[in-house]
Structure formats: structure tokens, C-alpha cells
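Just so you know, the sequences run in chain order A and B.
The C-terminal residue of the first sequence carries number 118 in the working numbering, and the numbering is unbroken.
The C-terminal residue of the second sequence carries number 118 in the working numbering, and the numbering is unbroken.
Encoded as C-alpha cells, the structure appears first; notes follow it.
Number of protein chains: 2
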Amino acid sequence: MADRHLAFKALADATRREVFERLAAGPKAVGELADELPVTRPAVSQHLKALKSAGLVTERREGTRRVYQIDPAGLGQMRAWLDQFWDTALNAFQAEVSRTEKLDAKHERRSRRK
Amino acid sequence: MADRHLAFKALADATRREVFERLAAGPKAVGELADELPVTRPAVSQHLKALKSAGLVTERREGTRRVYQIDPAGLGQMRAWLDQFWDTALNAFQAEVSRTEKLDAKHERRSRRK
DNA sequence: CACAACCGTAAGTATCGACTTACGGTAAGC
DNA sequence: GCTTACCGTAAGTCGATACTTACGGTTGTG
Chain A
5 MADRHLAFKA LADATRREVF ERLAAGPKAV GELADELPVT RPAVSQHLKA LKSAGLVTER
65 REGTRRVYQI DPAGLGQMRA WLDQFWDTAL NAFQAEVSRT EKLDAKHERR SRRK
Chain B
5 MADRHLAFKA LADATRREVF ERLAAGPKAV GELADELPVT RPAVSQHLKA LKSAGLVTER
65 REGTRRVYQI DPAGLGQMRA WLDQFWDTAL NAFQAEVSRT EKLDAKHERR SRRK
């Protein structure tokens, strides 16, 4: 659980990302979040459930309230994957650039010859 | 254009992420990608369109073929946002941790008193 | 000038998903 | 105990979207 797929899918929705960003400022209860957002409380509840199963937030009961909080582990894992992916992509990109430059050099020689 | 929303949404789909990851190894044509994947060529074409408008890949015509390639800029922008977000989230998290520790200390004193 | 290779788009379909209202359940205040 | 506050889940609805097949358009090849 809490794989990349769920994390990306969770952050893909605008409202859910909004919820997540508000939580980044500090822990909040469900009702508080719902008051700040243009959706109903159950909608926020469902979004929080998705974020939780993605490993991005944690839940804590505080009396009758449900306080949600960001889980740095989820973000960190996502960031780590993105970093690793960034390396291979950049390498492939630069390899392609140098390959193209060689071709350009050939063309250069050819056009200079005529 | 090419905002975070489009990038996250693009990477949220499993097939599209698969396409993107194959492209990370090096540039490929549409047909090549379709051969390696369990979907038809038009489907791949549509996914590439989404990735392109998200700023994650670039297109290049090579004869009758359409070669797609990763655009490091898109990934970098995404990574930058995640990094910035990571900072604020971690700060809020640690602030919450120290706040909780204070409360725990109070409880500690109280229980030691009885 | 056909012919073939390669591809994007249109159109249709079926599933997914984000939202709502309605309901039930648990903890705090009087 | 009874009410109030706060919340999660169920059920239903409607739009988004990920696929498919069908079609047309452009570029190399004989």
C-alpha cells in the first residue's frame, strides 16, 4: 500500500491537492477544512480517506474531532522516486543531445564542403 | 500551460506513466511504444498528447514517424514544486512534534506527582 | 502515380470518480 | 439520559476519461 500510483492519483485531483496543501500549514479537523473549501464535509472526508491510503496524511482522534496531519514519509517517498527518475531521464536526454550534435556536425561538414 | 495540475494528472494514469517511463530510457516512436504495451496505437497517441500538453515530453518528426522524447523541464518543474512543498510540510510536522512533546512532558510531571 | 508505412483525430462506449443528500454512530456538555 | 457536535459511510447522479474501431492525412518507396 501507499505506492506511487495512489500518491500520484491522490495529488491529481485539484480539491484533494487543496486539502493536502492546507494540511501542510498545520494539522486540521475535517470540519475546519470543509469550512474553507467549496465542497461539503463528506466530500472532504472522502478525500482525506484517499490521502490516507496513499500514505500522505495520518489521522488522530481528538475527542469527537478527527484531526488530520501530513505524513512526511509519503511525500519523501514520492520525492525519492522522482529524484531517481530524474537522473535516468536526464542522462537519456543528454545522451540524445550529444548524439544529435554529432549529426549536426556531420551536416556542418557536408554543407561546408559544397 | 504545463502547470502542476496537468503534470500530476498525466502521471496519475498507470498506462500513461508506463509510456513516460519507457521514454525515460530513450526516445521512441509511437508504434514502438504501442508494440510494447497492451493498448492500441491510437491510445498511445492520446496519452502522448496528454504528456505533451503537460510539458513532460516533446515531439519530433522523423520522416513519417513521430519520435517522442522526455522533456526534463517538465520533470524539473514538478520536482522543484515538490521540494518547496516538502520544506513547509516538514516544518509544520516538526513544529507539531515539538508541541506534542511539550504536552507529553506536562503529563509526565502530572503522573509523577501522584 | 499507386502503394505502403506511420500516425492523429473523430466517434462511440463503458468504467471511474467526484460530488451530493441521507443516515447511523461515537464522544462531550447540560 | 438527552441533546449537541462531529464525523464516516451508503447510495445515487453526472461528468470526466481511458479505451476501442473507423477514417483521413502526410511521408518515403517502387
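We treat Cβ as the ideally placed atom computed from N, Cα and C, and that holds for glycine.
Just so we're clear, the structure is a prediction, and the values are computed from it rather than from any experiment.
Here the stretch 83-92 of chain A does not lie against the stretch 50-63 of chain A, with fewer than 3 beta-carbon pairs under 8 Å apart. Contiguous beta strand (DSSP E) elements confined to the stretch 28-110 of chain A occur at 61-66 and 69-74, taking only those with 3 or more residues. Contacts between Ala54 (chain B) and chain A, judged by CB atoms closer than 8 Å, are missing: the closest CB pair is about 12 Å apart. Contact annotation: the stretch 71-90 of chain B touches the stretch 18-27 of chain B, with at least three C-beta pairs closer than 8 Å.
Counting the other Cβ atoms within 10 Å of the Cβ of Pro42 (chain B) gives fewer than 16, which makes it exposed. Ranking B:Gln81, B:Asn95 and B:Ala14 by CA distance to the CA of His9 (chain A) puts B:Ala14 first.
Taking Asn95 (chain B) as reference, the option from A:Pro31, A:Arg65, A:Glu63 and A:Asp17 with the minimal CA-CA separation is A:Pro31. In this structure, the CA atom of Glu40 (chain B) is about 20 Å from the CA atom of Ala16 (chain B). Distance from the CA atom of Thr19 (chain B) to the CA atom of Arg64 (chain A), rounded to whole angstroms, is 35 Å.
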